[in-house]
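When the letters of the sequence shown are read in order and numbered with our numbering, they come out as residues 56 to 562.
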Amino acid sequence: MADSKRIKNALVSVYHKDNLDKIIKKLHTEGVNFISTGGTQTFIESLGIPCQAVESLTGYPSILGGRVKTLHPKVFGGILGRRENPQDLAQLAQYEIPEIDLVIVDLYPFEDTVASGAEEQDIIEKIDIGGISLIRAAAKNFKDVVIVASQAQYEPLLNLLNEQGAETTIETRKWFAKEAFSVSSHYDAAIFNYFDGEEGSAFRCSANNMKSLRYGENPHQKGLFYGDFEAMFEQLQGKEISYNNLLDIDAAINLIADFDDVTFAILKHNNACGVASRPKLVDAWKDALAGDPVSAFGGVLITNAVVDKETAGEINKIFFEVIIAPDYDVEALEILTQKKNRIILVQKEIKLPAKQMRSLLNGFLVQDKDLKTETAEDFKVVTEKEPVDTEIEDLIFANKIVKHTKSNAIVLAKNGQLCASGVGQTSRVDALKQAIEKAASFNMDLNGAVMASDAFFPFPDCVEIAKGAGISAVVQPGGSINDKLSIDYCNANGMSMVTTGFRHFKH
């Protein structure tokens, strides 16, 4: 083939050497010569394979504490020389520069060093110079050179060698170049974000591990996920996770993270339709389900406790898409795995980003995640009547749920149980009416229940309606110029109200 190239000389300079031996040995059997640096040269020679030191090629030692090793025309000329260009070939011959056909390199672990909390000087030393230059040079000259820029490409390279020997095609070389530029651009984005800190002078987001989904939000839309799902979850069984599953899973883990007591939550279309906190998990499940057993059908379930056999037996009675828990008893899994399409996830401990972003118009919105979770210390009693201890507990509980509910949102709760919620309404009054109607449809007694609102009440109509439904205590951010109207109504009708000073819009 006209575009076929044979690998004759390989430059290998890597930080991580795991799984490299098979590649080196296979290249050696194909007659490939090696050029390398320091520890990589020692590694290759330990396999009984000869290797030329970069220093013997360049005539210069590694200097400046290892900062300068490969930055030399005899290295980069061999990589960048165009094999079809007579002038390039003449110069390579004139200066005795060998053609380098394969570059295997990886980069200093900059991101891992930052994540470790290392001192700035240690972080700066992990900004790779030679490696990133080798990657860019080899990828630029993909017509003649194969570039392997990370351990993730070791397996494709080994497969190539096993199938085709040392022969490569233009399509293969271009694919490796594409992967290399993915590595280099991600690396540069991480360095920029470190230096930029919280300034936000430019938006640089880089994510690897692309996963193709069956489709997007709807079947006619293409869907992709970028991220390391396996770092967050172990999938024990079930069908392929969909775009909408991922949205619900994200909403579920954000909600459950706000609860310390044993809690079960059921979500549908990113909103909780059932939540309960109880000493026993099976009771938490039953009371969460009681809040809206209709919407629970096909929902996403999540708990912060290990699922036991008794709870699994109850859960098994309904159809659901996904269940998430920190772990499962063996007997519980025997029950839950009876239906093979169920997605069963074990949630792992992992630090999540503190920023969130979304695309819109011709750009992006970026904001801090809403990580504020109010406690009793955040409550300011604004009415003559103070909430009693049980009401305070329910106000905290309801406020956690309303924070994770699509605005305009109202949540009604009682005794650590979600009674009903009004979700995504254009009017707060409509949200409240929706919640009251739903509670009645499932025979939820609202006498003595509490109400949480994601934003302030501009008028007293919501507290008036709530009083008529039996609500005894209210939590809301406050801040309206008409706060006094709602407070006065509560005072006149024996209701208690607390404000938090924190709004929780969610759009």
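C-beta atoms are modelled at their ideal positions from N, C-alpha and C, and glycine is treated no differently.
Following the DSSP letters along the chain, one finds R413 inside the beta strand (DSSP E) bounded by residues 410 to 415.
Here A475 is bridged, per DSSP, to L467. For Q472, the closest C-alpha among the options H559, N454, F236 is that of N454. DSSP places T168 inside the alpha helix (DSSP H), whose first and last residues are 165 to 170. Looking at the backbone, the Cα of F98 and that of V130 are separated by about 20 Å.
Runs of the beta strand (DSSP E) lying entirely within the stretch 479 to 554 and spanning at least 3 residues, in chain order: 505 to 508, 528 to 531, 551 to 554. DSSP, reduced to helix, strand and coil, places T223 within a strand of the structure shown. A direct Cα-to-Cα measurement between F419 and H562 gives close to 15 Å. Listed as beta-bridge partners of G282 by DSSP are no residues whatsoever.
Under the three-state reduction of DSSP output, I62 falls in the coil class, being neither helix nor strand.
Less than 8 Å divides the Cβ of V553 from the Cβ of V437. N371 carries a coil assignment under DSSP once its states are collapsed to helix, strand and coil.
Spatial neighbours of L213 in its own chain (CB-CB distance under 8 Å, excluding positions within 5 residues in sequence) are listed in chain order as K77, I78, K81. If the five residues before and after L126 are omitted, its C-beta is found closer than 8 Å to the C-beta atoms of I184, G185, S188, all from its own chain and listed in chain order. In this structure, the alpha-carbon of Q402 lies about 10 Å from that of E285. Taking C-beta atoms as the reference points, T366 and A387 count as a pair closer than 8 Å.
In the three-state scheme derived from DSSP, where H, G and I count as helix and E and B as strand, D143 is classed as helix. D423 sits in a strand when the DSSP states are folded into three classes. Between L66 and V158, the C-beta spacing is below 8 Å. V457: member of the alpha helix (DSSP H) spanning 444 to 458, first to last residue. Here M265 is bridged, per DSSP, to Y281.
Going by C-alpha positions, N196 is about 7 Å away from I134.
In summary, D315 is exposed, with fewer than 16 beta-carbon neighbours lying within 10 Å of its beta-carbon over all protein chains present. By the criterion of a C-beta distance shorter than 8 Å, N470 is surrounded in its chain by T445, D449, once the five residues flanking it on both sides are discounted. Burial of Q489 is indicated by the presence of at least 16 other C-beta atoms within 10 angstroms of its C-beta. Here K395 is exposed, its C-beta having fewer than 16 other C-beta atoms within 10 Å. Between I304 and V355, the beta carbon gap of about 6 Å places them in contact (Cβ cut-off 8 Å).
The C-beta distance from K364 to I390 rounds to 7 Å, short enough to meet the 8 Å contact threshold. CA-CA distance, K410 to Q422, rounds to 6 Å. A check of alpha carbon separations from D338 across A192, V478, F319 identifies F319 as the nearest. In the three-state DSSP reduction, T430 falls in the coil class, being neither helix nor strand. Counting the other CB atoms within 10 Å of its CB gives V385 a total below 16, which places it among the exposed residues.
As computed with DSSP, K323 is found in a beta bridge with N326.
Check the Cα spacing between T227 and each of D543, G220, L215, N88: the tightest is with L215.
F288: member of the beta strand (DSSP E) spanning 288 to 292, first to last residue. Taking a cut-off of 8 Å on C-beta distances, the stretch 276 to 294 does not touch the stretch 331 to 348, as fewer than three cross pairs fall below it.
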